[in-house]
Amino acid sequence: MALSQNLFEAFVVLNSTQSASVEAVDASLYERLDNSYNNMSGCQLVSCYTFASDWQNSEMHPNGDELVILLSGEVTFVLEQPAGDEYVTLAKQGDFVLVPKGVWHTAKTEVESTLLFVTPGEGTEHRA
5 MALSQNLFEA
15 FVVLNSTQSA
25 SVEAVDASLY
35 ERLDNSYNNM
45 SGCQLVSCYT
55 FASDWQNSEM
65 HPNGDELVIL
75 LSGEVTFVLE
85 QPAGDEYVTL
95 AKQGDFVLVP
105 KGVWHTAKTE
115 VESTLLFVTP
125 GEGTEHRA
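All residue numbers for the sequence shown refer to my numbering, where the first residue is 5 and numbers rise by one.
The following block contains the structure:
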């Protein structure tokens with residue numbers, strides 16, 4: 005395994021013993037993750053994405069908190085809390101949000117923004 009890789013081309017899977025595996029980012033990525041890592045049971049996915057518009061869906065991670073770190077741009081996360089939506093704006097490089105497990109969330113942006121995610125993947129749900 006090469007020591008230097010690019011997180012836009014290959015994601016990292018941390019398993020329950022904190023061993024790391026590298027997975028190429030391609031069309032079969034999420035199918036491979038489910039098949040190779042027992043539906044991501046006990047695993048975390050380290051990934052990087054760039055967005056230029058609002059997410060078209062919401063997601064929820066039932067098995068752990070998600071760490072999201074802003075690398076560039078500006079993003080507002082909308083967390084669906086029992087008392088109402090909570091808005092968390094990441095505006096400065098290095099700003100982060102911890103999305104609690106079980107909380108539906110989405111992101112809004114008007115500028116190209118890059119985020120680093122550490123996601124407990126097992127059981128992740130999406131909705132429009």
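Every residue gets a Cβ at the ideal spot worked out from N, C-alpha and C, and that includes glycine. Since we're looking at a predicted model, the values are computed, not measured.
Practice prompt. Could you check which residue in LEU74, ASP69, SER40 and THR128 has the C-alpha nearest to that of GLU116?
Written response: Position 112 of the sequence shown, counted from the first residue, corresponds to residue 116. It is LEU74 whose Cα lies nearest to the Cα of GLU116.
Worksheet item: Can you tell which of THR93, GLN85 and SER45 has its C-alpha closest to the C-alpha of GLN22?
Response: As a first step, residue 22 must be located in the sequence shown, where it is residue number 18. When each option's Cα is compared against that of GLN22, the closest is SER45.
Item to complete: Please work out which residues of its chain come closer than 6 angstroms, Cβ to Cβ, to PRO67, disregarding the five sequence neighbours upstream and downstream, and give them in chain order.
Response: Residue 67 sits at position 63 when you count from the first residue of the sequence shown. It should be pointed out that residue 67 corresponds to Asn in this sequence rather than to Pro. Correct list, in chain order: PRO124, GLU126 and GLY127.
Item to complete: Report yes if the C-beta distance between VAL101 and VAL107 is below 8 angstroms; otherwise report no.
Response: The count along the sequence shown starts at 1 and reaches residue 101 at position 97. The count along the sequence shown starts at 1 and reaches residue 107 at position 103. No; because the gap between Cβ atoms is not below 8 angstroms, this pair is not in contact.
Discussion item. So for ASP89, helix, strand or coil by DSSP?
Written reply: Translated into the one-based positions of the sequence shown, residue 89 becomes position 85. The answer is strand: DSSP assigns ASP89 an E or B state.
Worksheet item: Can you name the start and end residues of the beta strand (DSSP E) that LEU37 belongs to?
Response: For this step, residue 37 is matched to residue 33 along the sequence shown. First-last for LEU37: 33-40, but that is the alpha helix (DSSP H), not the beta strand (DSSP E).
Item to complete: Using only alpha-carbon positions, find the residue among HIS65, VAL29 and PHE12 that is nearest to GLU129.
Response: The sequence position of residue 129 within the sequence shown is 125, counting from 1. Checked all of HIS65, VAL29 and PHE12; the closest Cα to GLU129 is HIS65.
Worksheet item: Is it the case that the Cβ atoms of GLU35 and ALA14 are separated by a distance below 8 angstroms?
Response: For the purposes of this step, residue 35 is identified with residue 31 of the sequence shown, where counting begins at 1. For the purposes of this step, residue 14 is identified with residue 10 of the sequence shown, where counting begins at 1. At least 8 angstroms separates the beta-carbon of GLU35 from that of ALA14.
Worksheet entry | Min CB distance VAL115 to chain C below 8 angstroms | Chain labels in this structure do not include chain C; a single protein chain is all it has.
Item to complete: Grab the span of the beta strand (DSSP E) containing LYS112 for me, first residue to last.
Response: Position 108 of the sequence shown, counting from 1, holds the residue named residue 112. That run of the beta strand (DSSP E) goes 109-112.
Worksheet item: For the putative contact between TRP59 and THR118, defined by C-beta atoms under 8 angstroms, what is the C-beta separation to the nearest angstrom?
Response: One-based indexing of the sequence shown puts residue 59 at position 55. One-based indexing of the sequence shown puts residue 118 at position 114. That pair is no contact at about 14 angstroms.
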